[in-house]
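*Asks:* Sharing a structure below in C-alpha cells format, with a few things to ask.
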C-alpha cells in the first residue's frame, strides 16, 4: 500500500528530530522498507513526509542498511579471529548481530543476500598483513562492554551545509556540459542574435529588479504585477536556451532575498516546474538543479551563491569558442556579477577591482571593437564605489571615463555615468567637483546633438534634462536656463522649435500624477 497524500503540511524539521528514534527503529531494527515505514508513520503517528524527505533524513542520520562486499568480508574475517569470544559488531554507531554477518544466514541490514562460501576467507588463508591490518573506519569489532546510556560514535555522513551546495554544483555542471554536448547550447552565437538574446534576458532581469524596488517602496500591487510579468517572460527565455540566463537568475534571486525573501524560493519552484514541462522529464539536470535550489532556505542560498555563480561561469567558459561573441559576453559577465556580489557584501571590493582590471586588459587585446564593454566594466565599478561611499575612488574613475575615447561614442553609457555623478554629489554634498565634471558631460552630449546622431539624440537629451533638474535643485538657475536654451537651439530645427527639455519635464510630471492617481 502506497502512503496516502498528507492532508495537511509535511512534518517540520523539529518533528523529524522528535520522531527520529521511531523511524530508526522501524527502518533498521524491524528492517522495514522505506515505503512501509512511511505507511506506519502516517497511520499510527499522523506523521507525513515525501519519500525524498525520508531519504534526506535517513542519509543525514547515517541509517545505513547496505554494506559493500569488501566490508562484509572484513567483518567476517574479524569475526573468525575472535577465538570464540563473544563480541558485537559496530557500524555507523549501531550494533550488528553477530549471526547476521555470517555467510548463508541472512544479510547485513537486509542489504546483502547470502554470500557464496568462497567469499568467506578461511583462517589459514588469511595473511599476516590481513591479520594485523586495521579495519575500515565504517566497521569495527570489539568485546562487549556495559551498555552506555548513549552512543559515543557519531555519523560520518556529510552535513547538509556541505552536501547540498556540492550537489547543486554537480547538477549545474551536468546541465552545462550536457547542454553543449547535445547542441542545446551553441559554443558560438553570432551577432546580432547574441546581442538580441542578451537584451531579452536583461529586460527580464530589470523587470524583477523593478518589481523589488516597487515592493520596497510599499507599492505592493504594482510590484506583484511586475513579478507576474517577469515570471511569464521566463518561459520564452527558457526555450531560448541561453547560458547567460542562469547568471542573471542568480543575481535576481539574491536581490529578491533582501526585499521579498519568500519570492526567491517561489521563483526557483516556478522555474523547476517550467523545466519539467519544457524538457518533459523529472530527471533532467536543470529540473533537478532548480528543484534543489528551491529546497534551500534563503540564508543557505545566499551563503552558497558566490560558489554557485563561480561554478557556472567557469564551467561555461571552458565549453565556448574563445573567439566568439558569446564567449566574450560570458567573460564580460564577470564584471556585473562580481560588482553585484560585492554590493551585497558577498565579495570584497578588492576582488572586484582585480577582476575589472583583468577583464579590461583582455578586452583591449582583442581585435574586435570592445569599447562599449570596457566602458560598462568601469561603470559597474563606479556604481559599486558610489554604493559603498568610496567617493575619491569614484571621482578618479569618473574623470578617467570622461577623458576616454569610448565614452564619446556611447551616449547610453554617458547617461548612466551622469546619474552616478548626481547620486555621488547628493551623498557627499560636494557640488563643486561634480559641476566641473558636468561641463564635460554637457560638452559630450552637445557634440552628439550637433552631429545629428539619431541613435544618440534621445539619450543625450534625457541626460541633459536630468542634469538641468540637478542644477536647479542646487541653486544654479542661470546655468540651468542656459543649458535648456542651448539644447533647444541644437535640436530646434529638427523638432519645430519645440521646447525639448520642457516637454520631457511635462511628460515626467504627467506620468507621476497618473501613478499617484492609481
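In the working numbering, the protein residues as written are 540 to 1057. Quick reminder that beta carbons are idealized off the backbone N, C-alpha and C, glycines included.
#1: Please classify residue 944 as buried or exposed, where buried requires at least 16 other C-beta atoms within 10 Å of its C-beta.
#2: Alpha carbon to alpha carbon, what distance is there between residue 835 and residue 999?
#3: Taking C-beta to C-beta, are residue 876 and residue 964 nearer than 8 angstroms?
#4: Return the chain-ordered list of same chain residues with a C-beta closer than 6 angstroms to the C-beta of residue 1019, the five sequence neighbours on each side being excluded.
#5: Straight-line CA distance for residue 756 to residue 577?
#6: Taking 8 angstroms as the threshold, find out whether the segment 730-747 comes into contact with the segment 854-868 through three or more Cβ pairs.
#7: Using a Cβ-Cβ cut-off of 8 angstroms (strictly less than) and excluding sequence neighbours within five positions of residue 855, which residues of its own chain qualify?
#8: Residue 819 to residue 931, Cα distance in whole Å?
#9: Beta-carbon separation of residue 713 and residue 824 under 8 angstroms?
#10: Are the segment 885-899 and the segment 739-753 touching by the rule of at least three beta carbon pairs closer than 8 angstroms?
#11: Specify, as a first and last residue, the run of the alpha helix (DSSP H) that residue 833 falls within.
#12: What separation, rounded to the nearest whole angstrom, lies between the Cα atoms of residue 596 and residue 937?
#13: By Cβ distance, which residues of its chain are closer than 7 angstroms to residue 891, with the 5 residues on each side in sequence left out?
#14: If contacts are defined as beta-carbon pairs under 8 angstroms, then residue 831 and residue 706 qualify, I think. What distance do you get, rounded to the angstrom?
#15: How many angstroms separate the CA atom of residue 711 from the CA atom of residue 883?
#16: Measuring CB to CB, does residue 708 end up less than 8 angstroms from residue 846?
#17: Decide if residue 566 is buried, meaning its Cβ has at least 16 other Cβ atoms within 10 Å, or exposed.
#18: Helix, strand or coil for residue 1058 per DSSP?
#19: Do residue 871 and residue 907 have their C-beta atoms within less than 8 angstroms of each other?
#20: To the nearest angstrom, report how far apart residue 803 and residue 828 are at their CA atoms.
#21: If you measure between the beta carbons of residue 557 and residue 588, is that distance less than 8 angstroms?
#22: What does the alpha-carbon distance come out to for the pair residue 1026 and residue 778?
#23: In this structure, does DSSP put residue 780 in helix, strand or coil?
#24: Below 8 angstroms CB to CB, which residues in the same chain sit around residue 894 once its five sequence neighbours on both sides are set aside?
#25: Can you tell me whether residue 552 is buried or exposed? The criterion is at least 16 other CB atoms within 10 Å of its CB, across all chains shown.
#26: Should residue 796 be labelled buried (16 or more other beta-carbon atoms within 10 Å of its own) or exposed?
#27: Take residue 911 and list the residues in its own chain whose beta-carbon comes closer than 6 angstroms to its own, dropping the five residues that flank it on each side.
#28: Start and end of the alpha helix (DSSP H) containing residue 1013?
#29: Considering only their Cβ atoms, is the gap separating residue 969 from residue 1005 smaller than 8 angstroms?
#30: What did DSSP end up calling residue 928 once you bin it into helix, strand or coil?
#31: Helix, strand or coil, according to DSSP, for residue 818 in the structure here?
#32: Apply the 10 Å Cβ neighbour rule to residue 590 and answer buried if 16 or more other Cβ atoms are within range, or exposed otherwise.
#33: When you compare only the Cα positions, how much space is there between residue 981 and residue 954?
#34: With a CB to CB cut of under 6 angstroms and the five nearest residues on each side skipped, what residues in its chain are close to residue 807?
#35: I need the straight-line Cα distance from residue 849 to residue 1021, nearest angstrom please.
#36: Are there 16 or more other CB atoms within 10 angstroms of the CB of residue 771, so buried, or fewer, so exposed?
*Replies:* Concretely, from the data shown:
#1: Position 405 of the chain shown, counting from 1, holds the residue named residue 944. By the neighbour-count rule (16 or more Cβ atoms within 10 Å), residue 944 is not buried but exposed.
#2: Residue mapping note: residue 999 aligns to position 460 of the chain shown, counting from 1. Residue mapping note: residue 835 aligns to position 296 of the chain shown, counting from 1. Rounded to the nearest angstrom, the two C-alpha atoms are 45 angstroms apart.
#3: Residue 876 sits at position 337 when you count from the first residue of the chain shown. Residue 964 sits at position 425 when you count from the first residue of the chain shown. Cβ distance not < 8 angstroms, so residue 876 and residue 964 don't count as in contact.
#4: Taking the first residue of the chain shown as position 1, residue 1019 is located at position 480. Within the same chain, residue 1019 has close Cβ partners 1007, 1010 and 1011.
#5: For the purposes of this step, residue 756 is taken as the residue at position 217 of the chain shown. For the purposes of this step, residue 577 is taken as the residue at position 38 of the chain shown. Between residue 756 and residue 577, the C-alpha separation is close to 46 angstroms.
#6: yes
#7: Residue mapping note: residue 855 aligns to position 316 of the chain shown, counting from 1. The residues are 715, 782 and 869.
#8: The residue labelled residue 819 in the question sits at position 280 within the chain shown. The residue labelled residue 931 in the question sits at position 392 within the chain shown. Each residue's Cα considered, the two are about 54 angstroms apart.
#9: Stepping through the chain shown from its first residue, residue 713 is reached at position 174. Stepping through the chain shown from its first residue, residue 824 is reached at position 285. Yes, Cβ-Cβ distance for residue 713 and residue 824 is below 8 angstroms.
#10: no
#11: Working through the chain shown from its first residue, we reach residue 833 at position 294. Looking at the DSSP string, the run of the alpha helix (DSSP H) that includes residue 833 is 824-834.
#12: Counting from one through the chain shown, the residue named residue 596 turns up at place 57. Counting from one through the chain shown, the residue named residue 937 turns up at place 398. The alpha-carbon atoms of residue 596 and residue 937 are separated by roughly 54 angstroms.
#13: By one-based count along the chain shown, residue 891 stands at place 352. Answer for residue 891: 877, 878, 881, 920 and 923, listed in chain order.
#14: Here the question's residue 831 lines up with position 292 in the chain shown. Here the question's residue 706 lines up with position 167 in the chain shown. The Cβ separation is near 6 angstroms, so the contact holds.
#15: Within the chain shown, the letter at position 172 stands for residue 711. Within the chain shown, the letter at position 344 stands for residue 883. Spanning the two alpha carbons is a distance of roughly 23 angstroms.
#16: Locating residue 708 in the chain shown gives position 169, where the first residue counts as 1. Locating residue 846 in the chain shown gives position 307, where the first residue counts as 1. Yes, the pair counts as a contact, with Cβ atoms nearer than the cut-off.
#17: The count along the chain shown starts at 1 and reaches residue 566 at position 27. Buried, since its Cβ has 16 or more Cβ neighbours within 10 Å.
#18: Outside the displayed span of the chain (540 to 1057) sits residue 1058, for which this structure offers no information.
#19: Your numbering for residue 871 matches position 332 in the chain shown. Your numbering for residue 907 matches position 368 in the chain shown. Result no, Cβ atoms of residue 871 and residue 907 do not sit closer than 8 angstroms.
#20: Locating residue 803 in the chain shown gives position 264, counting from the first residue. Locating residue 828 in the chain shown gives position 289, counting from the first residue. Cα to Cα, residue 803 sits roughly 15 angstroms from residue 828.
#21: Against the chain shown, residue 557 aligns to sequence position 18. Against the chain shown, residue 588 aligns to sequence position 49. Contact flag unset, no.
#22: Mapped onto the chain shown, residue 1026 falls at position 487. Mapped onto the chain shown, residue 778 falls at position 239. Whole-angstrom Cα-Cα distance: 45 angstroms.
#23: Counting from one through the chain shown, the residue named residue 780 turns up at place 241. Three-state DSSP puts residue 780 in coil, outside helix and strand.
#24: Translated into positions along the chain shown, residue 894 becomes position 355. Contacts found: 873, 874 and 877.
#25: Mapped onto the chain shown, residue 552 falls at position 13. Residue 552 comes out exposed.
#26: Position 257 of the chain shown holds residue 796. Classification for residue 796: buried.
#27: By 1-based counting over the chain shown, the position of residue 911 is 372. Once the five neighbours on either side are set aside, the close Cβ partners of residue 911 are 949.
#28: As a working note, residue 1013 is residue 474 in the chain shown. Per DSSP, residue 1013 belongs to no alpha helix (DSSP H) and is neither H nor E.
#29: Position 466 of the chain shown holds residue 1005. Position 430 of the chain shown holds residue 969. No; because the gap between Cβ atoms is not below 8 angstroms, this pair is not in contact.
#30: For this step, residue 928 is matched to residue 389 along the chain shown. In this structure, residue 928 counts as coil in the three-state DSSP scheme.
#31: Position 279 of the chain shown holds residue 818. DSSP places residue 818 in helix when its eight states are reduced to three.
#32: On the chain shown, position 51 is the one that residue 590 refers to. With fewer than 16 Cβ atoms within 10 Å of its Cβ, residue 590 is classed as exposed.
#33: Residue mapping note: residue 981 aligns to position 442 of the chain shown, counting from 1. Residue mapping note: residue 954 aligns to position 415 of the chain shown, counting from 1. Approximately 11 angstroms, taken between the alpha carbons.
#34: If you number the chain shown from 1, residue 807 lands on position 268. Correct list, in chain order: 829, 832 and 833.
#35: Sequence index remark: in the chain shown, residue 849 carries index 310 (1-based). Sequence index remark: in the chain shown, residue 1021 carries index 482 (1-based). When rounded, the distance between both Cα atoms is 50 angstroms.
#36: Translated into the one-based positions of the chain shown, residue 771 becomes position 232. Exposed.
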